[in-house]
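Colleague: According to UniProt numbering, the stretch in the sequence shown is residues 1 to 97, in order.
Think of the CB as a built atom: it goes at the ideal place given N, C-alpha and C, for glycine as much as any other residue.
A quick note: this is a predicted structure, and the numbers were derived from the prediction, not measured.
Right, I'll just put the structure down here and ask away after.
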Amino acid sequence: MQEVNLPKNSRPTPESAYVKGLSVCSTRIRWLAVQRRGIKMEWIKAAILAPDETEVRDGKQSYLKCQQARGKMLRVVTRADDPCHVITAYFDRRMPC
Numbered sequence: 001m002q003e004v005n006l007p008k009n010s011r012p013t014p015e016s017a018y019v020k021g022l023s024v025c026s027t028r029i030r031w032l033a034v035q036r037r038g039i040k041m042e043w044i045k046a047a048i049l050a051p052d053e054t055e056v057r058d059g060k061q062s063y064l065k066c067q068q069a070r071g072k073m074l075r076v077v078t079r080a081d082d083p084c085h086v087i088t089a090y091f092d093r094r095m096p097c
């Protein structure tokens with residue numbers, strides 16, 4: 001993984017995050033956390049574009065997509081008013097496929 005020097009409080013759009021009109025933006029810290037979890041950007045995009053389930057709670061939208069290889073749902077949390085602003089993404093242990 002190549003380290004990128006970014007100004008504090010910046011909101012980068014990783015080059016790999018743009019596909020078919022979906023620009024996923026997040027803070028650098030959260031983007032690196034998602035990468036450490038082994039979550040691919042393609043999975044995040046798939047969850048947002050074609051979710052198996054969705055939830056809205058406390059101004060946040062969750063997109064859930066089954067990841068058969070892991071046997072768990074991938075949960076992608078965004079702002080409810082801006083689905084391209086990804087807050088976090090993780091495998092939800094409470095939600096088996």
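1) Mapping the DSSP letters down to three states, classify A89 as helix, strand or coil.
2) What distance in whole Å lies between the Cβ atoms of Q68 and P83, which are believed to be in contact at a cut-off of 8 Å?
3) Along the alpha helix (DSSP H) that carries K45, what are the first and last residues, could you check?
4) Under the rule that 16 or more other beta-carbon atoms within 10 Å means buried, what is V56, buried or exposed?
5) Measuring alpha carbon to alpha carbon, tell me which of R37, K40, R70 and Y90 ends up nearest Y63.
6) Since D92 and K72 should fall inside the 8 Å C-beta cutoff, what is the C-beta to C-beta distance between them, to a whole number of angstroms?
7) Buried or exposed for A50, going by 16 or more other Cβ atoms inside 10 Å?
8) Mind checking T54: buried by the 16 CB within 10 Å criterion, or exposed?
Modeller: Quick answer:
1) Taking the sequence shown and counting its residues from 1, the one referred to as residue 89 is at position 89. Strand at A89.
2) As a working note, residue 83 is residue 83 in the sequence shown. As a working note, residue 68 is residue 68 in the sequence shown. Not quite, the Cβ-Cβ distance comes to about 24 Å (not below 8 Å), so this is no contact.
3) Within the sequence shown, the letter at position 45 stands for residue 45. Segment M41 to L49, the alpha helix (DSSP H) holding K45.
4) The sequence position of residue 56 within the sequence shown is 56, counting from 1. Counting Cβ neighbours within 10 Å, V56 comes out exposed, since fewer than 16 surround it.
5) Your numbering for residue 63 matches position 63 in the sequence shown. Nearest to Y63 by alpha-carbon distance, out of R37, K40, R70 and Y90, is Y90.
6) As a working note, residue 92 is residue 92 in the sequence shown. As a working note, residue 72 is residue 72 in the sequence shown. The beta-carbon distance between D92 and K72, rounded to whole angstroms, is 6 Å. This is short enough to meet the 8 Å contact definition.
7) Along the sequence shown, one-based indexing puts residue 50 at 50. Under this definition A50 is an exposed residue.
8) Stepping through the sequence shown from its first residue, residue 54 is reached at position 54. Classification of T54: exposed, given that the 10 Å Cβ count is below 16.
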